[in-house]
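Q:
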Amino acid sequence: MITTVAFDADDTLVDIVAGVNAGLAAVVAAVGEPSLSVAGFRADADDCWLRMADQPATLIRETALRITLDRVGRGDETPRLLDLFFEVRFANSRPFPGVLDVLAKLRSEYQLGYGTNANSEAARCGLGGLFAFELYALRGGVPKKPAAGFFEALLAAAGARPGEVVYVGDSYDHDVVGAAGAGLRTVWLNRTGAPVPGPVRPDAIVADLARLPAVIADLKAA
Ligand SMILES: [Mg+2]
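Under the numbering used here, the first residue of the sequence shown carries the number 15, and numbering increases by one thereafter.
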């Protein structure tokens, strides 16, 4: 029996790239240094996301901004520019087209959940009030995906057993390997048609979230 469908946030339901780029563009404009660009901020951020993978997303972003701003001697402005970044980033972090329709269809049959490693709060990303539970890693001692503890916390929030929950996400390592390791069923959102990169097989693969209601109905019937 499947009672619950839970989702990753960034790059699955929420167009985080558009939000981050808008936030960084606002910072670039506010700083007004010709040598700084969105691409430069992104490069420092990519490095920080790798180095600081187990740290809170807000701290990673703050550290990355400071590194880039230090290059032009403006690091002391980090707090103000971090606030600006998040204000614009959230204002531009919206669900992908079609997401609200898919969630509305699924809600008639399943409990819906939201579980993210980062700080894309549902209410700030155009998804407020749609989920029976929301889980944010590094709050309340919940570890980040792909740790089993993340998915154990998700099951506790759902009040469900592992086989009753389908977890949907775009990251093979975090969302498929992590959730499958904790016994959940998995749907890999694979928009590019990439080959499955490891030995763990998702229960289903979709290129488009619009297929989810049919795919989950098939899993339920199997
Ligand atoms: Mg994701």
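For glycine and all other residues, C-beta sits at the position ideal for the given N, C-alpha and C.
What is the rounded straight-line gap between the Cα of Gly129 and the Cα of Lys158?
A: Spanning the two alpha carbons is a distance of roughly 10 angstroms.
Q: Using DSSP bridges, identify the partner residues of Glu148.
A: Tyr128.
Q: Determine which residues share a DSSP beta bridge with Tyr181 and list them.
A: Answer is Ala20, Thr200, bridged to Tyr181.
Q: Measure the alpha-carbon distance for Phe164 versus Asp24 and round it to whole angstroms.
A: Distance between the alpha carbons of Phe164 and Asp24 is about 16 angstroms.
Q: Please determine whether the Cβ atom of Thr26 lies at a distance below 7 angstroms from any heavy atom of ligand 1.
A: Result yes, Cβ under 7 angstroms from ligand 1.
Q: Could you check what DSSP says for Pro216 in three-state terms: helix, strand or coil?
A: Looking at Pro216 - three-state DSSP - the assignment turns out to be coil, as it is neither helix nor strand.
Q: Which runs of the alpha helix (DSSP H) fall wholly inside the stretch 29–105 and span at least 4 residues, in chain order?
A: 30–45, 52–65, 71–84, 92–105, all fully within the stretch 29–105.
Q: The alpha helix (DSSP H) with Gly163 in it runs from where to where?
A: It spans 162–172 - the alpha helix (DSSP H) in which Gly163 sits, taken as one unbroken run.
Q: Please determine, among Leu152, Val191, Gly197, Gly183, the residue with the shortest C-alpha to C-alpha distance to Ala174.
A: Ranking Leu152, Val191, Gly197, Gly183 by Cα distance to Ala174 puts Gly197 first.
Q: For Asn106, which of Val28, Asp22, Leu203, Ala231 has the nearest alpha-carbon?
A: The residue with the shortest Cα to Cα distance from Asn106 is Val28.
Q: Please return the same chain residues whose Cβ sits closer than 8 angstroms to the Cβ of Leu73, not counting the five positions on each side in sequence.
A: Here the set comprises Met66.
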